[in-house]
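Participant: The structure under discussion is supplied below as structure tokens; questions concerning it will follow.
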Amino acid sequence: MASIPQVLIILSCIGLYFFLRRRRQKSHTTPLIGPPSKSLIFGLSKHLNSLDVDPGETIEQWAKEYGSVYKVPTVLGGAKIVVCDPRAVRDFYSKETWTYVGTPLGKRFIRRAFGRGLLWAEGESHRRQRKALTPAFSNAAIRRLTAVFYDSAYKLKSHWDAELVNHSDGLIIDVQTWMNHISIDSVGIAGFSHDFGSLDGKTSAVVTAFESLGSSKRSTIGTIKFLLSSVFPILNYIPTERSRMFTELRRSLIEIAGVLLERTRQAGVDDKSIIGLLIKAESTNGELHMSEEEVIAQMVWLQPLFDGDPLNFDLKKLLRTLTSWIQVTRQHQVRHVIFSSTVPNRVNTVFHGPTVSLTVRILLPLSLRQTPLTLIVTQWALIELSKQPEKQERLRKELLDVAGGTDPTWDQLTGSDYPYLDAVVHETLRLHPPLVETNRIATKDDILPLSSPLTTADGQIVTSIAISKGDNVSVPIRCINRAEAIWGPRAKEFLPERWIGFSEDENKQAGGGDDDDDVQVDWRKRNERDVKGAEGIPPTVREIQGHRHLLSFSDGPRTCLGKGFALAEFKAVLSVLIRNYSFSFDDPNTKIVMHRAVLPRPGVEGCGGAKVPMRVKRVE
């Protein structure tokens, strides 16, 4: 055990380091104004994480008061730079994984929960992993998987039809639970040729773990631990219900991966699942294999620091391990490792080299991204359509009129045959993005250009802001997707009509063009363009890059790789449900609240948790 003087020396060095770093940042970073701190310890972090605060609305209000780029006080005197300016956002995302990387807190969370896969990697490691995964998410691959999405939707339909057979007025059904089952089964079949059977009521460790992601409640102690761990990483090793849940999820996924991988390998080239395509690619492309250097770097990671007890801290072992890790890293020139060493020993005996790499790079990121995205956004679509039955009926009419009411093909789902379906999908993604914000750390000094001049804290008017190495930079996705300064006075409304007439050519030019043609966005003034029907997208929206001028799938090198997978599943499932059922709330004043679990999702107020009970009736 470390002695008290040793601990004091370490704490003093850490304190001096943070003091000098913040001094340097203040001298290099553009001085920005921002909201005052509400707490000496938590700054405004606890306020933004409280259940009764909509972070998107709050961030937008601050942008109106302090400008398109401002600073927000965080834990123990720290600060983060909030970037709402479209041109600065565009430049920020273009430098992802190199100049701007995940925060230490975010990377620790991803590493412990899902391993060092694509979500964790940065720089060259991220580029290589993304290249390895790309063939499995190509248009040709997703086209073959469209039938899987329909199969899951029709399996749900058979269950609902059986329940509704003697109920002409419909039944109250918790839609959230069934959407969860669809997502899990679709990912299992499409990704690994494995049916988890959750729609049929089968239970497994994986199904239970995923369901717990949405049902677990955020505790006060857990929130405080989460906020303080950004400064005191040792707090991450204090076990909580949520950390145990993630450990169980990861253990379950890795254990089942052995069986799935072996079966997929035996299936050979005929297996068209995502993992089947990647195994085929791996056998013909040496770049997809994990290198010996990465194995060595992986083996000396921080696993030896805590001999089974997270509080049994050994200073000498820490220094020896860090020294060894640095030496190996320099020797082999390894900046990033691919997967985590915290896999149980009995699992390590099953997986070797490329097999482990595939397990962590594919199974965990895929399940994290695709499952909650489709689940959560489909729920929001049904909620919005239930509130506006005329829009629900318009979508149903289009689905029944085109091609005689048959299932849309993949070409139709991705083309222009169903414009209102496409509009509903993207309006839902705009209003209810799965991610609230992007938080990154600057790895070097940088300059972000602005689309509109900004007044700094010292009264100067600037057209760009200086970012210092180590600065915490945040892009508020939910705020930008819903901002009145960008989307007009009806930005908070569910208005699919705004997307009618949107062209793919316009989408390809999103955020492009000469700088002289850029449209300025003034956050202190509301964009007064009123969107009515086919008037479409305001000019200010063109400043935002990303899919359809949205940040729902992020942007730049970290644009969601499974975007096509998610959109195809979303459209396929929604088309089956709307053609066959009507959805409504018995109380027209039903209030929907955000249930902030591990994966934030909607819930009806008063129902206890993320539950969305709706009246579901068959469409005759």
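Every letter in the sequence shown is one number past the one before it in numbering that gives the first Met the number 0, and letter 574, counting from 1, is 573. We put the beta carbon where it would ideally sit given N, CA and C, even for glycine. Please read all numbers here as calculations on a predicted model, not as lab measurements.
(1) Kindly indicate which three-state DSSP category A441 falls into: helix, strand or coil?
(2) Starting from the N-terminal side, write out each stretch of the beta strand (DSSP E) that is 3 residues or longer and does not extend beyond the stretch 59-99.
(3) Just the C-alpha distance for R578 and F564, rounded to the nearest angstrom, thanks.
(4) Does the stretch 82-96 touch the stretch 460-476, meaning 3 or more C-beta pairs lie closer than 8 Å?
(5) Check the C-beta distance from W409 over to R142 and give it rounded, since I have them as a contact under 8 Å.
(6) Is H431 helix, strand or coil by DSSP?
(7) Helix, strand or coil: which one does DSSP assign to P556?
(8) Could you check where the alpha helix (DSSP H) with L149 kicks off and where it finishes?
(9) The alpha helix (DSSP H) that contains N579, what's its start and end?
(10) Return the residue from the list I32, I8, Q5 and T28 that minimises the CA-CA distance to G458.
(11) For I634, which of helix, strand or coil comes out of DSSP?
(12) Taking its Cβ as the centre, do 16 or more other Cβ atoms sit within 10 Å of Q5, making it buried, or is it exposed?
(13) For H546, which residues from the same chain have a beta carbon less than 7 Å from its beta carbon, with the 5 sequence-adjacent residues on both sides left out?
(14) Can you tell me where the alpha helix (DSSP H) holding K224 begins and where it ends?
(15) Does the Cβ-Cβ distance between D173 and D184 come in under 8 Å?
(16) Among S583, R557, A571 and P612, which has the Cα closest to the Cα of G122?
(17) Using only CA atoms, which one of A402, V603, V68 and Q387 lies nearest to T591?
(18) If you count every other CB in all the chains shown that lies within 10 Å of the CB of R429, and 16 or more means buried, which is it?
(19) Label G414 either buried or exposed according to how many other C-beta atoms from any shown protein chain fall within 10 Å of its C-beta, with 16 as the threshold for buried.
(20) For V376 versus P418, is the C-beta spacing smaller than 8 Å?
(21) What do you reckon, are the CB atoms on L170 and V615 nearer than 8 Å?
(22) Would you kindly work out how many angstroms separate the C-alpha atoms of T455 and K390, rounded to a whole number?
(23) Under a three-way DSSP split, which group does N48 fall into?
(24) D308: buried (16+ other C-beta within 10 angstroms of its C-beta) or exposed?
(25) Where does S463 sit, in a helix, a strand or coil, going by DSSP?
(26) Distance check for A87 and S451, CA to CA, integer angstroms please.
(27) Where does P448 fall in DSSP's three states?
(28) Measuring alpha carbon to alpha carbon, tell me which of S581, S182, F245 and A609 ends up nearest Q387.
(29) If you reduce the DSSP assignment to three classes, tell me which class F582 lands in.
(30) Is it buried or exposed for F493, if we count other Cβ within 10 angstroms and need 16 for buried?
(31) Could you check which residue in D199, F225, A609 and V435 has the C-alpha nearest to that of R241?
Facilitator: Looking at the coordinates:
(1) Locating residue 441 in the sequence shown gives position 442, counting from the first residue. A441 falls in the strand class under three-state DSSP.
(2) Within the stretch 59-99, complete beta strand (DSSP E) segments of at least 3 residues are found at 68-72 and 78-82, given in chain order.
(3) Translated into the one-based positions of the sequence shown, residue 578 becomes position 579. Translated into the one-based positions of the sequence shown, residue 564 becomes position 565. For R578 and F564, the distance between alpha carbons rounds to 21 Å.
(4) With a cut-off of 8 Å, the stretch 82-96 and the stretch 460-476 count as touching, because enough Cβ pairs lie within range.
(5) Residue mapping note: residue 409 aligns to position 410 of the sequence shown, counting from 1. Residue mapping note: residue 142 aligns to position 143 of the sequence shown, counting from 1. Yes, they are in contact, since the Cβ atoms of W409 and R142 sit about 4 Å apart, within 8 Å.
(6) For this step, residue 431 is matched to residue 432 along the sequence shown. It is coil, neither helix nor strand.
(7) Translated into the one-based positions of the sequence shown, residue 556 becomes position 557. Three-state DSSP puts P556 in a helix.
(8) As a position in the sequence shown, residue 149 is number 150, starting the count at 1. Residue identity check: residue 149 is Tyr in the sequence provided, not Leu. Residues N138 to L163.
(9) Translated into positions along the sequence shown, residue 579 becomes position 580. K562 to N579 is the span of the alpha helix (DSSP H), which, as asked, contains N579.
(10) In the sequence shown, the residue the question calls residue 458 occupies position 459. Closest option to G458, Cα to Cα, is I32.
(11) It is not possible to answer for residue 634, since the shown part of the chain is limited to 0 through 619.
(12) Residue numbering aside, residue 5 sits at position 6 when the sequence shown is read from its first letter. Classification of Q5: exposed, given that the 10 Å Cβ count is below 16.
(13) Within the sequence shown, the letter at position 547 stands for residue 546. Counting only Cβ-Cβ distances below 7 Å, and skipping sequence neighbours, we find F552 and K562.
(14) Locating residue 224 in the sequence shown gives position 225, where the first residue counts as 1. For K224, the enclosing alpha helix (DSSP H) begins and ends at T219 to L227.
(15) If you number the sequence shown from 1, residue 173 lands on position 174. If you number the sequence shown from 1, residue 184 lands on position 185. Against a cut-off of 8 Å, the Cβ pair of D184 and D173 comes out as no contact.
(16) Residue 122 sits at position 123 when you count from the first residue of the sequence shown. Here the closest residue by C-alpha is R557.
(17) Indexing the sequence shown from 1 puts residue 591 at position 592. With the sequence shown as reference, residue 591 is identified as Ile, and Thr is not the correct amino acid for it. Its Cα nearest to that of I591, the residue V603 stands out among A402, V603, V68 and Q387.
(18) Position 430 of the sequence shown, counted from the first residue, corresponds to residue 429. Counting Cβ neighbours within 10 Å, R429 comes out buried, since at least 16 surround it.
(19) Counting from one through the sequence shown, the residue named residue 414 turns up at place 415. With fewer than 16 neighbouring CB atoms inside 10 Å of its own CB, G414 falls in the exposed class.
(20) Here residue 376 refers to the residue found at position 377 of the sequence shown. Here residue 418 refers to the residue found at position 419 of the sequence shown. Against a cut-off of 8 Å, the Cβ pair of P418 and V376 comes out as no contact.
(21) Stepping through the sequence shown from its first residue, residue 170 is reached at position 171. Stepping through the sequence shown from its first residue, residue 615 is reached at position 616. In this structure, V615 lies closer than 8 Å to L170 by Cβ.
(22) The residue given as residue 455 occupies position 456 in the sequence shown. The residue given as residue 390 occupies position 391 in the sequence shown. Using only the alpha carbons, I get a separation of about 45 Å.
(23) Here residue 48 is taken as the residue at index 49 of the sequence shown, counted from 1. Reduced to three states, the DSSP call for N48 is coil.
(24) The residue labelled residue 308 in the question sits at position 309 within the sequence shown. Confidence is the limiting factor: at D308 the pLDDT is only 35, short of 50, which leaves the residue's position unreliable and the question unanswerable from this model.
(25) Along the sequence shown, read from residue 1 onward, the residue named residue 463 stands at position 464. Strand at S463.
(26) Working through the sequence shown from its first residue, we reach residue 451 at position 452. Working through the sequence shown from its first residue, we reach residue 87 at position 88. Those two C-alpha atoms are separated by around 10 Å.
(27) What you label residue 448 is simply residue 449 of the sequence shown in a count that begins at 1. Strand, per DSSP.
(28) On the sequence shown, position 388 is the one that residue 387 refers to. The alpha carbon of Q387 has as its nearest neighbour, out of S581, S182, F245 and A609, the alpha carbon of S581.
(29) Position 583 of the sequence shown, counted from the start, is the residue given in the question as residue 582. F582 falls in the strand class under three-state DSSP.
(30) As a working note, residue 493 is residue 494 in the sequence shown. With 16 or more other CB atoms across the displayed protein chains lying within 10 angstroms of its CB, F493 is buried.
(31) Counting from 1 along the sequence shown, the entry for residue 241 is found at position 242. Looking only at D199, F225, A609 and V435, the smallest Cα-Cα distance to R241 is reached by F225.
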